[in-house]
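Below is one structure, written out as structure tokens, with a few remarks after it.
In this note's numbering, the protein residues as written are 529 to 612.
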């Protein structure tokens, strides 16, 4: 199935969750497919940390890493730290 996607120029878009998203990206690498990941964190604060190498691999392979946070925006944990 992945071979057919590759032949049709499909780009894999997935998160960076520890298991399922990692499997999708790594499988795409085997066919030299481009991948896109959308982070729930800042670019320099990869979550989950165990997938930092995977994020680097996506970038090295010409993929795209998107963050929902602007450069200086507080992440969710930082935003909630003042709440009681």
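The beta carbon of each residue, even a glycine, is placed where N, CA and C say it ideally should be. Being a predicted model, the structure only gives us computed values, none of them experimental.
| task | Taking only runs that begin and end inside the region 536 to 564, name each unbroken alpha helix (DSSP H) of 4 or more residues, in chain order. | result | 548 to 558
**Residue span of the beta strand (DSSP E) that contains residue 588, given as start and end** = As a position in the chain shown, residue 588 is number 60, starting the count at 1. From DSSP, residue 588 is part of no beta strand (DSSP E) but of the alpha helix (DSSP H) over 580 to 588.
Q) Which one of 543, 558, 537 has the shortest CA to CA distance from residue 593? A) Position 65 of the chain shown, counted from the first residue, corresponds to residue 593. The option with the nearest alpha carbon to residue 593 is 543.
Can you find the residues in the same chain that come closer than 8 Å, C-beta to C-beta, to residue 552, ignoring five residues on each side of it along the sequence?
Indexing the chain shown from 1 puts residue 552 at position 24. Excluding residues within five positions, the ones whose Cβ falls inside 8 Å are 540, 542, 563.
Are residue 566 and residue 595 closer than 9 Å when you measure CB to CB? Position 38 of the chain shown holds residue 566. Position 67 of the chain shown holds residue 595. Yes; because the gap between Cβ atoms is below 9 Å, this pair is in contact.
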